[in-house]
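These protein sequences, in sequence, are chains A and B. Those letters in the first sequence? Residues 272 to 513, per this note's numbering, in order. Those letters in the second sequence? Residues 95 to 386, per this note's numbering, in order. Just so it is clear, CB atoms sit at the ideal spot from N, CA and C, and this is done for glycine as well.
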Amino acid sequence: MLGLLYKDYIAVKGKYFLMVLLGQFLFLTVIRLTVVDEVVDHILPPMVMMMLCCLAAVLPFVFELSLMKADEGRKQKQYFLSLPVSRRQYVASKYLFLAIAFYIIQAVATFEFVVCQVNMKSEEMSASMSTVQMLVPTFIAICLVICALELPFFVGMGVKKGMAAKESIIFIVFFLVVAYIMFGDLSVVEEASVMSLIDYFMKHPEISLTVQVLSPIVSVLLYYVSYLISARLFEGKEWEDE
Amino acid sequence: MNKKLTKKRLLIYLAFSFALVWVPMIIYFATGGKYDSPMMNLILAYSMLCPSIAVLLTRKITKEGIPLLGKDSLQLGINLKNKKWLWFVLGFVAPVIYWDLAQLIFMAIFPETYNPAGFDVMGLPRNALILLPISGWTTGIVGSIGALGEEIGWRTYLYPKLEELMGPVGSVIVGGIIWGVWHYPAILQGHTFGTDYWGAPWSGFFVFTFSCVTMGALLYLVTKKTSSIWPAAIMHAVNNSGARALGLCLDTEVLTGIWAEKPIQIFMGDVVLNIMGVIAIVMLVKMKKEEE
Numbered sequence: 272m273l274g275l276l277y278k279d280y281i282a283v284k285g286k287y288f289l290m291v292l293l294g295q296f297l298f299l300t301v302i303r304l305t306v307v308d309e310v311v312d313h314i315l316p317p318m319v320m321m322m323l324c325c326l327a328a329v330l331p332f333v334f335e336l337s338l339m340k341a342d343e344g345r346k347q348k349q350y351f352l353s354l355p356v357s358r359r360q361y362v363a364s365k366y367l368f369l370a371i372a373f374y375i376i377q378a379v380a381t382f383e384f385v386v387c388q389v390n391m392k393s394e395e396m397s398a399s400m401s402t403v404q405m406l407v408p409t410f411i412a413i414c415l416v417i418c419a420l421e422l423p424f425f426v427g428m429g430v431k432k433g434m435a436a437k438e439s440i441i442f443i444v445f446f447l448v449v450a451y452i453m454f455g456d457l458s459v460v461e462e463a464s465v466m467s468l469i470d471y472f473m474k475h476p477e478i479s480l481t482v483q484v485l486s487p488i489v490s491v492l493l494y495y496v497s498y499l500i501s502a503r504l505f506e507g508k509e510w511e512d513e
Numbered sequence: 095m096n097k098k099l100t101k102k103r104l105l106i107y108l109a110f111s112f113a114l115v116w117v118p119m120i121i122y123f124a125t126g127g128k129y130d131s132p133m134m135n136l137i138l139a140y141s142m143l144c145p146s147i148a149v150l151l152t153r154k155i156t157k158e159g160i161p162l163l164g165k166d167s168l169q170l171g172i173n174l175k176n177k178k179w180l181w182f183v184l185g186f187v188a189p190v191i192y193w194d195l196a197q198l199i200f201m202a203i204f205p206e207t208y209n210p211a212g213f214d215v216m217g218l219p220r221n222a223l224i225l226l227p228i229s230g231w232t233t234g235i236v237g238s239i240g241a242l243g244e245e246i247g248w249r250t251y252l253y254p255k256l257e258e259l260m261g262p263v264g265s266v267i268v269g270g271i272i273w274g275v276w277h278y279p280a281i282l283q284g285h286t287f288g289t290d291y292w293g294a295p296w297s298g299f300f301v302f303t304f305s306c307v308t309m310g311a312l313l314y315l316v317t318k319k320t321s322s323i324w325p326a327a328i329m330h331a332v333n334n335s336g337a338r339a340l341g342l343c344l345d346t347e348v349l350t351g352i353w354a355e356k357p358i359q360i361f362m363g364d365v366v367l368n369i370m371g372v373i374a375i376v377m378l379v380k381m382k383k384e385e386e
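In structure tokens:
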């Protein structure tokens with residue numbers, strides 16, 4: 272299993288991802304510890320949120336595909352037969368790899384929040400940083416759900432068909448968005464920004480607590496169910512003789 | 095078993111884990127740093143990673159290698175078979191059980207400490223309060239990296255090495271004392287107890303060390319039972335996140351005399367944890383006998 276995880280780490284060029292993750296952490300740390308300024312206080316909460324969310328989004332939109340593509344060769348049947356693990360364990364390694372990647376992002380985020388509170392003069396910004404601290408795990412949970420929804424397609428149907436299914440879903444979502452733009456209430460969208468989202472959750476503690484509590488639980492449950500489905504699909508998969 | 099080598103490795107590990115934490119903390123306080131500040135939060139967060147850093151450095155220096163899975167490793171694997179999942183569940187629920195049960199006992203002895211108005215402090219509707227212990231679980235897990243950092247150091251390196259030298263009981267007692275002493279610079283500045291209490295700082299040192307011994311026993315037991323560091327990391331994280339429902343309606347301000355003192359209150363708050371710790375020690379001894 273460790274070998275499979277290491278293989279995936281190489282396949283997705285995990286070293287570069289870790290360098291970017293640690294690089295942005297160091298960048299924020301240096302800024303926070305060296306510049307004591309209210310402007311920085313105001314910039315930090317949305318900036319931290321954007322940076323971490325972008326990094327979390329890499330997982331469902333880049334890593335997932337790279338992971339699956341890496342094993343798609345012409346002699347798949349022989350490849351899987353040569354592995355010293357069962358098909359179920361193979362699928363588990365993919366899920367575990369992504370779960371570890373999410374955990375690492377969350378771990379770095381945990382420290383980033385503590386660093387960003389240092390030297391923060393404005394109490395209001397300190398409070399908005401705490402809200403970001405709640406929103407980032409929620410966004411990570413959403414990315415985990417996206418992975419949970421997509422992985423069974425990739426595992427069960429292969430990369431090509433999986434991509435086709437994914438594109439179809441994106442296409443449907445795109446049409447729904449266009450329909451909303453044409454017929455929906457756009458005033459909601461006009462006022463939307465990262466700061467307005469942060470403000471909304473600051474004003475509604477009960478909603479923020481519910482989201483904070485339920486999003487990790489629901490996402491982990493969905494992820495586990497997704498694993499069970501993928502494992503079953505992969506166990507039943509047959510390859511044509513090559 | 096080479097006891098001399100084990101002792102040498104232990105000393106190197108302890109030197110690293112204490113120096114990495116004590117030196118920056120002492121410098122911070124010596125230069126006028128306050129305990130109740132964001133900078134101190136940063137130092138505390140960093141401190142929690144130091145036992146792991148110390149393990150990695152020690153293993154590198156003493157050429158032990160850094161295995162991730164199996165015996166004498168960082169024990170990062172997860173195996174839920176053979177009812178091991180029960181110990182993971184215990185990792186989640188034990189802190190809620192020992193805190194809330196102890197608070198119930200506290201309220202039974204001192205009924206005047208029950209104050210439901212405390213629930214309103216957070217500005218939440220009453221029906222949202224059920225989410226509080228669950229919130230402790232999720233925030234604990236989400237931010238579990240700090241607890242993992244400590245647990246890798248203490249429970250996968252210090253305790254097993256001490257067990258080699260002095261058996262399970264000795265390892266839990268000496269390990270717990272070392273773990274407690276490691277916190278002393280922070281306690282001296284107000285960690286857990288504040289600074290203005292009866293017998294400060296010695297009573298605080300004693301109570302904290304005692305709970306480190308019992309909690310360490312419980313954490314070491316779940317680590318040994320599962321051969322994984324994760325349930326201990328989860329339990330530690332949930333413990334630190336304050337996953338308790340009754341805590342908000344416990345008003346200790348109304349107490350007077352010796353009962354108003356923080357170390358006494360915390361000792362009473364730890365009563366169920368201490369009982370569970372003693373049970374854990376008994377189980378560890380039994381496990382050792384079975385192994386032999």
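CA nearest to the CA of residue i, picked from the options
i	options	result
PRO357 of chain B	B:MET142, B:ILE281, B:ILE106, B:PHE110	B:ILE281
PHE382 of chain A	B:TYR140, B:TYR208, B:PHE200, B:GLU245	B:TYR140
VAL291 of chain A	A:CYS325, A:VAL449, A:SER357	A:CYS325
ILE411 of chain A	A:ILE371, A:VAL496, A:LYS284	A:ILE371
PHE302 of chain B	B:TRP276, B:GLY247, B:ALA326	B:TRP276
GLY185 of chain B	B:LYS382, B:ILE352, B:ILE323, B:GLU386	B:ILE323
LEU330 of chain A	A:CYS418, A:TYR277, A:PRO317	A:CYS418
MET134 of chain B	A:MET272, A:THR305, A:LYS437, A:VAL385	A:VAL385
MET119 of chain B	B:TYR107, B:LYS101, B:LEU138, B:LYS102	B:LEU138
PHE200 of chain B	B:TRP353, B:SER131, B:TRP179	B:TRP353
Proximity of residue i and residue j at Cβ, strictly below 9 Å
i	j	result
ASN390 of chain A	VAL491 of chain A	no
GLY212 of chain B	LEU344 of chain B	yes
TRP193 of chain B	VAL316 of chain B	no
LYS310 of chain B	GLY243 of chain B	In the sequence as displayed, the identity of residue 310 of chain B is Gly instead of Lys. No, these two residues do not count as a Cβ contact at 9 Å.
VAL263 of chain B	LEU104 of chain B	no
TYR361 of chain A	LEU354 of chain A	yes
GLY433 of chain A	VAL426 of chain A	yes
ALA392 of chain B	VAL332 of chain B	Residue 392 of chain B lies beyond the residue range present for chain B, which begins at 95 and ends at 386; the question has no answer from this structure.
PRO279 of chain B	PHE123 of chain B	yes
LEU406 of chain A	ILE314 of chain A	no
GLY234 of chain B	GLN377 of chain A	no
SER297 of chain B	GLU355 of chain B	yes
LEU420 of chain A	LEU493 of chain A	yes
Expected contact under 8 Å - CB spacing of residue i and residue j to nearest Å
i	j	result
ILE271 of chain B	LEU252 of chain B	Not a contact, Cβ separation roughly 11 Å.
LEU225 of chain B	THR481 of chain A	6 Å
SER486 of chain A	THR409 of chain A	5 Å
GLY247 of chain B	ALA109 of chain B	GLY247 of chain B to ALA109 of chain B, Cβ: 13 Å. No contact.
GLU309 of chain A	SER393 of chain A	6 Å
Closer than 9 Å to chain A by CB, residue i
i	result
VAL236 of chain B	yes
MET133 of chain B	yes
ALA124 of chain B	no
GLY336 of chain B	no
LEU114 of chain B	no
TYR107 of chain B	no
ALA327 of chain B	no
SER229 of chain B	yes
ILE239 of chain B	yes
LEU225 of chain B	yes
ALA139 of chain B	yes
LEU259 of chain B	no
LEU151 of chain B	no
LEU162 of chain B	yes
Cβ of residue i within 9 Å of any chain B Cβ
i	result
VAL403 of chain A	no
THR305 of chain A	no
VAL386 of chain A	yes
TYR366 of chain A	no
ILE469 of chain A	no
MET391 of chain A	yes
TYR374 of chain A	yes
PRO423 of chain A	no
GLN349 of chain A	no
PHE454 of chain A	no
PHE288 of chain A	no
ILE281 of chain A	no
GLN483 of chain A	yes
PHE382 of chain A	yes
Discussion item. Please give the ranges of any alpha helix (DSSP H) in the region 379-465 of chain A, keeping only runs that are unbroken, at least 4 residues long and fully inside the region.
Written reply: 394-454, 458-461
Worksheet entry | Ranges of the beta strand (DSSP E) found wholly within the region 465-500 of chain A, counting only runs of at least 3 | none
Worksheet entry | Residue ranges of each alpha helix (DSSP H) within the region 124-180 of chain B, 4 or longer | 132-155
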